[in-house]
Amino acid sequence: MPEYKAPIRDMKFVMQELLDCDSHYQKLGYEDASLDMVDAIMSEAAKFTEQVIAPINKTGDEQGCTWNDGVVTTPDGFKEAYQQYVEGGWPTLAQNVDFGGQGLPHSLNTALNEFFSAANHSFAMYPGLSHGALATIEEHGSEVQKNTFIPKLVEGTWTGTMCLTEPHCGTDLGMLRTKAELNDDGSYAITGTKIFISAGEHDLSDNIVHIVIARIPGSPEGSRGISLFIVPKFNVTDTGEVSDRNAVTCGSIEHKMGINANATCVINFDGAKGYLIGEINRGLNCMFTFMNAARLGVASEGVAAADASFQGALAYAQDRLQMRSLSGVKNPNGPADPIIVHPDVRRMLLTQKSIAEGGRALIGYLAQLVDIGHASKDEAEKAIAESKLALLTPIAKAFLTELGLECTSHGVQVFGGHGFIKEWGMEQLMRDTKISCLYEGTTGIQALDLLARKILGSKGEILKPFGAEVTAFCVANAGDEAMQEFIQPIMTFGGDWQKMTETLGLKAMQNPDEIGAASVDYLMYSGYLTLAYFWAKMAKVAQDKLAASDDDKAFYQAKIKTARFYFQRILPRANGHAACVANGAESMMALDSEEFIF
Ligand SMILES: Cc1cc2nc3c(=O)[nH]c(=O)nc-3n(C[C@H](O)[C@H](O)[C@H](O)COP(=O)(O)OP(=O)(O)OC[C@H]3O[C@@H](n4cnc5c(N)ncnc54)[C@H](O)[C@@H]3O)c2cc1C
């Protein structure tokens, strides 16, 4: 298993030097989030993930969760590690002080989540799901519901789930069959089966709070008739203590490709007692409010996977001796050169590095927009932040998870045949991260959300705030000779992006399939361009630092070299996606479904 080291230096570069988190936090009133405090918390998180969470990653994968008559047991060490996680106060970090949280910024938590995910994807999902449940109750629950459920979820002694998917519907939740019938006491009897419920049953916490979507009889068909409910595993007394068992059981757990240490459950509700959250038939709208945050969390899993795989591949490439460098012997005292001398190995390592570091910058930026949405008092600033977040979240979610998966494949490849062998842990990273392209909306669904709902749905309005920011950056650096290798491509690709969007808008009016046919290529193009902007910004910071002093020179020089690699070897991929978009839907739709195979 590659030994995980939390990328503290680079995370500080992103948070402090690129995104100036100090001013950002002070401006939003996060007085406790001083630079010293941020540094101290980050160091503790690094230690905890490296020493407690990472060591149970491989064993967790090998052992998996086990199911016995409805009881789910997590792999050895998970319960103890989760206990330490709770005792360390980690779940409380960015939660509301009114419910026992520490009130620190969301963006700090997001940064640390990358460490947890990279150390152990399966483990990180348990608290991740709790966060979704907690955010839903906090945003839409009644005062009684908040006081009953949130403090324990914040503390981490109870965990949460999101129960949406059913056997016959995942993407199309309007088809759900789980029903909710009103009881005499105002609660609801929930009946139905949910599948693929992450952390649906386990032995880590005293209670599990399920957030369930269901239809109340008489509600409209489709997504307009969905309501949202809290359904605890154990009923809760008026004083907030666990009492008798609710009619919620785990029918089985899935045996799957990866994240084996996270229990993926079939959950049966047999007239279980549930409590309506928000208004009847507004369930999906309630879910949308936290969906950006959840998708951002999944996007960060892509970055985490890329970085964990990069760390393993880099160490191996420096150590493994095979063949001689084409440009002359580099290791004369050894029988061969280390494989890091070979250009193709460097292609893979630099792809991993540029995606991990570029993705980290994009996630950090988006997390600050979430902070603004939570804490700013300036409505105009909030509206701009929300618009940028709406545009960039599907891009980050789909692009970074697809590229994260690609990077883990490079990690296997750098190891040669050894990458295919379980012992090294590189194939586990690849198996574990595939799920990030699927849950919280597949890549295809993110692409439709971006192109159809957001861009064409707003007639391009949504592009304006972020577009203006990128343009302002290019204009501000137009006279800087050293920045031209980055600025010019952004302007060219950005101009083409605009033209592509306009052309697609016109084509879609004649043939709606043009949107679906273009959407994933369009999203990937948008992703490559967006990351180019963040690489250009990082190059600018590095250049300024180098001009100002000799401190940490090697770090900043490496940033500029990596930016150059990104612009020369990764960004051009966008041209391929543009060509696919331009070729349109015709060839995709030409075969009848019976003609696919003979
Ligand atoms: C390990 C794991 C954990 C999960 N955790 C949870 C959880 O905690 N809670 C929960 O509720 N769910 C969870 N899920 C479910 C997950 O969110 C769904 O699997 C996912 O949303 C896709 O739904 P589906 O599997 O039904 O696929 P489908 O909806 O059947 O989609 C199949 C394929 O068709 C494509 N497709 C569908 N509609 C369209 C369209 N209109 N245009 C283009 N392409 C389309 C999809 O992109 C996909 O490629 C989990 C799943 C797994 C495997």
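Residues in the sequence shown are numbered from 1 upward in steps of one, following the working numbering. Glycine residues also receive a C-beta, built at the ideal position from the N, C-alpha and C atoms. Every value quoted in this text rests on a predicted model; they were computed, and no experiment measured them.
Item to check | Contact set for ALA46: own chain, Cβ-Cβ below 7 Å, skip 5 residues either direction | outcome: ALA6, ILE8, PHE115, listed in sequence order.
Item to check | Three-way DSSP call (helix, strand, coil) for ILE110 in this model | outcome: Ile is not the amino acid found at residue 110; the sequence shown has Thr there. Three-state result, THR110: helix.
Checklist entry - Taking the runs of the alpha helix (DSSP H) that are 4 residues or longer, which of them lie wholly in the segment 385-447? => result Contiguous alpha helix (DSSP H) elements confined to the segment 385-447 occur at 426-433, taking only those with 4 or more residues.
Next on the checklist: Just checking LYS330 against ligand 1 - is the residue's beta carbon closer than 7 Å to any of the ligand's heavy atoms?
Outcome noted: No, Cβ of LYS330 sits at least 7 Å from all heavy atoms of ligand 1.
Item to check | Cβ-Cβ distance between ALA361 and VAL14 below 8 Å | outcome: Going by C-beta atoms, ALA361 is nearer than 8 Å to VAL14.
Next on the checklist: Between TYR528, ASP592, THR501, ALA111, which has its C-alpha nearest ILE490's C-alpha?
Outcome noted: For ILE490, the closest C-alpha among the options TYR528, ASP592, THR501, ALA111 is that of TYR528.
Checklist entry - Nearest to GLU17 by CA position, among CYS286, ALA396, LYS540, is which residue? => result For GLU17, the closest of CYS286, ALA396, LYS540 by C-alpha to C-alpha distance is LYS540.
Checklist entry - Nearest-angstrom Cα distance between PRO338 and ASP307? => result PRO338 and ASP307 have their C-alpha atoms roughly 21 Å apart.
Checklist entry - Any contact of the segment 131-144 with the segment 411-427, i.e. 3+ C-beta pairs under 8 Å? => result No contact exists between the segment 131-144 and the segment 411-427.
Checklist entry - Residues in its own chain within less than 6 Å of HIS210 by CB, not counting five upstream and five downstream? => result THR161, CYS163, VAL231.
Next on the checklist: Check this for me: beta carbons of ASN672 and ILE53, under 8 Å apart or not?
Outcome noted: Residue numbering for the chain in the displayed model covers 1 to 598; residue 672 lies beyond these limits and cannot be assessed.
Checklist entry - If you scan the segment 316-366 from start to end, which runs of the beta strand (DSSP E) of 3 or more residues do you find wholly inside it? => result Complete beta strand (DSSP E) runs here, min 3: none at all.
Item to check | Endpoints, alpha helix (DSSP H) assigned at ASN575 | outcome: Membership of ASN575 in the alpha helix (DSSP H) is indicated by the continuous run 573-583.
Checklist entry - In chain order, what residues of the same chain have a beta carbon less than 7 Å from the beta carbon of GLU599, not counting five sequence neighbours either side? => result Residue numbering for the chain in the displayed model covers 1 to 598; residue 599 lies beyond these limits and cannot be assessed.
Next on the checklist: Taking 8 Å as the threshold (C-beta atoms), are ILE195 and THR165 in contact?
Outcome noted: In this structure, THR165 sits near ILE195, with a CB-CB distance shorter than 8 Å.
Item to check | Nearest neighbour of HIS255, chosen from GLU221, ILE197, LEU504 [CA to CA] | outcome: Out of GLU221, ILE197, LEU504, ILE197 has the C-alpha closest to the C-alpha of HIS255.
Item to check | Neighbourhood of LEU112 by C-beta, 6 Å cutoff - its chain only, sequence neighbours within 5 removed | outcome: So the qualifying residues of the chain are ALA45.
Checklist entry - Around the Cβ of PRO167, are there at least 16 other Cβ atoms within 10 angstroms (buried) or fewer (exposed)? => result With fewer than 16 neighbouring CB atoms inside 10 Å of its own CB, PRO167 falls in the exposed class.
Checklist entry - Could you check where the beta strand (DSSP E) with ALA81 kicks off and where it finishes? => result In the DSSP annotation of this structure, ALA81 is not part of any beta strand (DSSP E); the continuous alpha helix (DSSP H) holding it starts and ends at 78-87.
Checklist entry - Applying the criterion that 16 or more other CB atoms from any shown protein chain within 10 Å of the CB defines a buried residue, is VAL581 buried or exposed? => result With at least 16 other beta carbons inside 10 angstroms of its own, VAL581 counts as buried.
Item to check | At least three beta-carbon pairs within less than 8 Å, the segment 54-72 to the segment 91-110 | outcome: No contact exists between the segment 54-72 and the segment 91-110.
Checklist entry - Is the beta carbon of SER198 within less than 7 Å of some heavy atom of ligand 1? => result Using a cutoff of 7 Å, the CB of SER198 counts as near ligand 1, since one of the ligand's heavy atoms is closer than that.
Checklist entry - Nearest to TYR126 by alpha carbon, out of THR408, THR159, VAL303? => result The shortest CA-to-CA distance from TYR126 to any of THR408, THR159, VAL303 is the one to THR159.
Item to check | Chain-order list of residues whose beta-carbon lies under 6 Å from that of CYS21 (same chain, five-residue window excluded) | outcome: Scanning its chain for C-beta atoms nearer than 6 Å, with the 5 sequence neighbours on each side dropped, one finds around CYS21 the residues MET15, in chain order.
Next on the checklist: I believe CYS286 touches GLY200 by the beta-carbon criterion, under 8 Å. Please report the beta-carbon distance rounded to the nearest angstrom.
Outcome noted: Not really, about 20 Å apart at Cβ, beyond 8 Å.
Checklist entry - Apart from the five residues on each side of it in sequence, which residues of its chain come closer than 8 Å, Cβ to Cβ, to ALA462? => result Just to set this straight, residue 462 is Ile in the shown sequence, not Ala. Closer than 8 Å at Cβ, skipping near neighbours: SER387, ALA390, LEU391, LYS454, ILE455.
Checklist entry - What are the partner residues of ALA272, as DSSP defines its beta bridges? => result Under DSSP, ALA272 takes part in a beta bridge, and its partners are ILE190.
Next on the checklist: Please tell me whether ASP513 and ALA579 are closer than 8 Å, where the distance is taken between their beta carbons.
Outcome noted: Going by C-beta atoms, ASP513 is not nearer than 8 Å to ALA579.
Checklist entry - Do the CB positions of PHE149 and ALA180 come within less than 8 Å of each other? => result If you check the CB distance, PHE149 and ALA180 do not come in under 8 Å.
Checklist entry - On the three-pair Cβ rule with 8 Å, is the segment 419-439 touching the segment 48-64? => result Verdict: yes, contact present.
Item to check | Residue(s) in a DSSP beta bridge with HIS210 | outcome: THR161, VAL231.
Checklist entry - Say the cut is 7 Å; is the CB of GLY192 nearer than that to a heavy atom of ligand 1? => result Result no, Cβ not under 7 Å from ligand 1.
Next on the checklist: Just to confirm the assignment: which complete alpha helix (DSSP H) runs, minimum length 4, are found wholly within the segment 127-159?
Outcome noted: Whole alpha helix (DSSP H) segments, 4+ residues: 143-155.
Checklist entry - Does DSSP put LEU486 in a helix, in a strand, or in coil? => result The residue you asked about is not Leu; residue 486 is Phe in the sequence shown. In this structure, DSSP gives PHE486 a helical state, which the three-state scheme calls helix.
Checklist entry - In angstroms, rounded to a whole number, what distance separates the CA positions of ALA590 and LEU204? => result Each residue's Cα considered, the two are about 52 Å apart.
Checklist entry - Where do the N-terminal and C-terminal ends of the alpha helix (DSSP H) with ASN68 fall, by residue? => result Here ASN68 belongs to no alpha helix (DSSP H); instead the beta strand (DSSP E) covers 66-68.
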